[in-house]
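Each number in my numbering comes from the position in the sequence shown (counting from 1) with 3 added on.
No residue lacks a Cβ here, since even glycine has one placed at the ideal position from N, Cα and C.
In this text, all values refer to a predicted model and were calculated from it rather than measured experimentally.
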Amino acid sequence: MTETETIAYDVVVLGAGPVGENVADRTRAAGLSTAVVESELVGGECSYWACMPSKALLRPVIARADARRVPGLAQAVQGPLDAAAVLAHRNDYTSHWQDDGQVRWLESVGADLHRGHGRLTGPRTVTVTGPDGVRRVLTARHAVAVCTGSRAQLPGLPGLAEVRPWTSREATSAQHVPGRLVVVGGGVVATEMATVWQALGSRVTVLVRGKGLLNRMEPFAGELVAEALTEAGADVRTGTSVESVSRVDGTLVVVTDRGDRIEADEILFATGRAPRTDDIGLETVGLEPGSWLEVDDSLRVTGTDWLYAVGDVNHRALLTHQGKYQARIAGAAIATRASGEPLDEAEPWGAHAATADHHAVPQVVFTDPEAAAVGLSLAEAEQAGYRVRAVDVELSSVAGAGLYADGYKGRARMVVDVEGEILRGVTFVGPGVGELIHSATVAVAGQVPVDRLWHAVPAYPTISEVWLRLLEAYRG
Ligand SMILES: Cc1cc2nc3c(=O)[nH]c(=O)nc-3n(C[C@H](O)[C@H](O)[C@H](O)COP(=O)(O)OP(=O)(O)OC[C@H]3O[C@@H](n4cnc5c(N)ncnc54)[C@H](O)[C@@H]3O)c2cc1C
4 MTETETIAYD VVVLGAGPVG ENVADRTRAA GLSTAVVESE LVGGECSYWA CMPSKALLRP
64 VIARADARRV PGLAQAVQGP LDAAAVLAHR NDYTSHWQDD GQVRWLESVG ADLHRGHGRL
124 TGPRTVTVTG PDGVRRVLTA RHAVAVCTGS RAQLPGLPGL AEVRPWTSRE ATSAQHVPGR
184 LVVVGGGVVA TEMATVWQAL GSRVTVLVRG KGLLNRMEPF AGELVAEALT EAGADVRTGT
244 SVESVSRVDG TLVVVTDRGD RIEADEILFA TGRAPRTDDI GLETVGLEPG SWLEVDDSLR
304 VTGTDWLYAV GDVNHRALLT HQGKYQARIA GAAIATRASG EPLDEAEPWG AHAATADHHA
364 VPQVVFTDPE AAAVGLSLAE AEQAGYRVRA VDVELSSVAG AGLYADGYKG RARMVVDVEG
424 EILRGVTFVG PGVGELIHSA TVAVAGQVPV DRLWHAVPAY PTISEVWLRL LEAYRG
C-alpha cells in the first residue's frame with residue numbers, strides 16, 4: 004500500500020447513502036469544498052437494499068390487494084402476481100445495482116467522490132483506501148460527517164453463517180422466489196418482507212419472540228397486520244424464538260424454543276440493526292468502535308467540535324426521511340459554524356436543531372393493511388410523563404373508507420395531551436393510510452391546538468374525514 008497524496012477540504016463526508024448525499028448537498032450549497040467517501044454504491048442501503056427495492060416489491064402486492072376489495076374489479080385480479088415481472092420491476096428500480104445516476108448527481112452539486120473504505124486517522128482526518136489499495140489522506144478544515152449507516156444484526160446462533168441466512172439485503176435483492184421462507188422478527192422489515200414473499204408465492208412462517216408484530220406502534224397495528232398476514236396464508240407464531248438452524252441436503256431445518264421443527268428453503272433474520280462504526284477509526288479520536296454515535300441536536304458528536312454523526316449511525320430514528328432531515332440541519336450547522344455566525348437552536352423551531360427527532364417522527368409500514376404513525380404511542384406518551392387521553396375510531400365509520408374498499412377494515416388513534424390540548428401522537432392502520440400520515444405529522448410537529456384542528460376541514464368523501472370522527476370522539 005502506498006500513501007499517494009493529501010487533499011484538503013472544508014468538509015469530509017464518510018458514507019454516500021441518502022444522508023451523506025444530503026449533507027454534501029448542503030455544505031456545497033454553502034460554498035464549502037466537500038469530499039464524499041463511499042466504499043460500496045453511492046445511494047447507500049436505501050437505494051439498493053432497503054427502501055427502494057422493498058417498496059418496488061410491495062407496490063404490486065398492495066395494488067392487487069386494494070383492487071381485490073373493489074366491486075367490479077375484484078374478479079379481474081384473482082390470479083397470482085407475475086413474480087418474474089415484479090422482480091424485474093424491482094431490478095429496474097434499483098438501477099440494477101449500478102450507481103452511475105447518483106454519481107452524476109453528486110458531481111452536479113460539485114462534491115468530490117472518493118471510492119474506497121474511509122477511516123478516521125486522527126482529528127479532522129480521514130484516510131481512504133481505494134479499491135486498488137492506494138491510500139489518500141483527506142483533511143477537513145471544518146467538519147467530518149460520519150454517515151456510515153447501519154447493517155443487519157444477526158443473533159449469535161451456533162453455525163448460523165454456514166446456513167447462509169438472508170438478511171434485509173438478500174430479502175430485497177433475491178432473484179428467485181423461495182418455496183418456503185421462515186422470517187425471524189416482528190418489526191418493520193420482517194412484516195414487509197413476509198408480506199412480499201407470501202404474495203409472490205412463498206409459504207411464509209413468521210417467528211416472533213414477543214407477544215406480537217410491530218411492537219413499537221400501538222398494539223392494534225400489529226394485531227391487524229398479523230390477522231391479514233394469516234388470512235393471506237402466512238403462519239405467524241408469536242412467543243417463539245429460534246433455537247437452532249441447520250441445512251440438511253440443502254433443506255433448512257429450524258428448531259424453535261417450543262420444540263417446533265420447520266423445514267424451509269430460506270430463512271430471513273430481521274432481528275435489528277447494528278451501527279457501521281466498527282472499522283472507521285473511531286479509536287483514533289477517543290471513541291468506541293462499534294458504538295452508535297451520540298450527538299447533540301445539531302448532530303455534532305458529544306465531546307467534539309468537528310465530528311458530526313448523521314442518519315442511522317446516531318440511532319435517533321433509523322429512517323431515510325429522518326436522516327435526510329438531520330442532514331439538512333447538520334449541513335446548515337456546519338456551514339453556519341464555519342462562517343462564525345451563532346447557531347439558531349431555539350426550541351422547537353430552530354433551523355439548527357433536529358427537534359422533530361424527539362417528538363414527531365413519522366413512519367409508514369407498507370404492509371396490507373398499511374400502518375402509519377407519527378409521534379408517541381399511548382404507552383410511550385404515558386411513559387414520558389404526559390397527561391394524555393387516547394381516542395380510537397374504526398375507519399369503517401368514514402364514508403371515504405367505504406368507497407376506497409369494500410368491507411374496509413382499519414383503525415385510527417389520536418393521543419391528546421390534555422394539558423396543552425395538542426396531539427402527542429397519531430396512528431392510522433388500514434388500506435391507503437400511508438398517504439394520510441403527513442396531515443398528522445403537520446398537526447404533531449406544528450403543535451396545532453385541538454380546537455384549531457376543527458377548522459382544517461377534510462374533503463368529502465376521503466378517508467381523511469377520520470379527523471372529524473377523532474375530534475368528535477375526543478369532545479365526547
Ligand atoms: C429492508 C429495509 C427497508 C427500509 N425501508 C425504509 C423505508 O421505506 N423508508 C425509510 O424511511 N427508511 C427505510 N429503511 C431505513 C433506511 O434504509 C435507512 O434509514 C437509511 O438507509 C439510512 O441512511 P444512511 O445514509 O444513514 O445510511 P446507509 O443508507 O446505510 O448508507 C451508508 C453508506 O455509507 C457507506 N459506508 C459505510 N462505511 C463506510 C466506510 N468506512 N467508508 C466508506 N463508505 C462507507 C455504505 O457503503 C453506505 O453506502 C429501510 C431499511 C431496511 C433494512
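Could you tell me if His145 is buried or exposed, where buried requires 16 or more neighbouring beta carbons within 10 angstroms of its beta carbon? buried
What is the DSSP secondary structure of Ile283, reduced to helix, strand or coil? coil
Give the secondary structure of Met417 by DSSP, where H, G and I count as helix, E and B as strand, and everything else as coil. strand
Please report the straight-line C-alpha distance between Ala229 and Thr370, rounded to a whole angstrom. 10 Å
Flag this pair as yes or no: are the beta carbons of Val251 and Val257 separated by less than 8 Å? Between Val251 and Val257, the CB-CB gap reaches or exceeds 8 Å.
What are the residues that DSSP puts in a beta bridge with Ala374? Val368 and Val432
Using DSSP's beta-bridge definition, name the partner residues of Trp470. In the DSSP assignment, Trp470 is bridged to no other residue.
When you compare the CB positions of Ala384 and Val394, do they come within less than 8 Å of one another, or not? Cβ atoms of Ala384 and Val394: not closer than 8 Å.
So the candidates are Ala79, Pro74, Ala402 and Asp420; which of them puts its Cα closest to the Cα of Gln386? Asp420
For Ala174, I'd like the list of residues in its chain whose CB is within less than 6 Å of its CB, leaving aside the five on either flank, ordered along the chain. Within the same chain, Ala174 has close Cβ partners Met196 and Leu271.
Distance, Cα to Cα, Gly215 vs Gly275? Taking the straight line joining both Cα atoms gives about 16 Å.
Closer than 7 Å to a non-hydrogen atom of ligand 1 - does that hold for the CB of Asp135? No, ligand 1 has no heavy atom inside 7 Å of this Cβ.
Closest by C-alpha distance to Val39, when choosing among Ala79, His92, Thr142 and Leu84: Thr142
First through last residue of the alpha helix (DSSP H) which encompasses Glu385: Counting along the chain, the alpha helix (DSSP H) containing Glu385 begins and ends at Leu381 to Gln386.
Take the Cβ of His117 as the centre, count every other Cβ of all protein chains shown within 10 Å, and call the residue buried at 16 or more, exposed below. buried
What does a CB cutoff of less than 8 Å around Met4 pick up in its chain, not counting 5 residues either side in sequence? Confidence is the limiting factor: at Met4 the pLDDT is only 49, short of 50, which leaves the residue's position unreliable and the question unanswerable from this model.
Tell me where the beta strand (DSSP E) around Thr130 begins and ends. Thr128 to Thr132
Using 8 Å for Cβ pairs, my map puts Ile1 next to Ser380. What's the rounded Cβ distance? Residue 1 is absent from the model: the chain starts at 4 and stops at 479.
Just to confirm, is the Cβ distance from Gly314 to Gly306 under 8 Å? no
At the level of alpha carbons, what is the spacing between Gly188 and Ala357? 30 Å
contact_flag[the segment 410–426, the segment 449–469] where n(CB pairs < 8 Å) is 3 or more: These segments touch.
Taking the alpha carbon of Val149 as the point to measure from, which residue in Gln156, Asp238 and Leu285 has its own alpha carbon closest? Nearest Cα to Val149 within the set Gln156, Asp238 and Leu285: Leu285.
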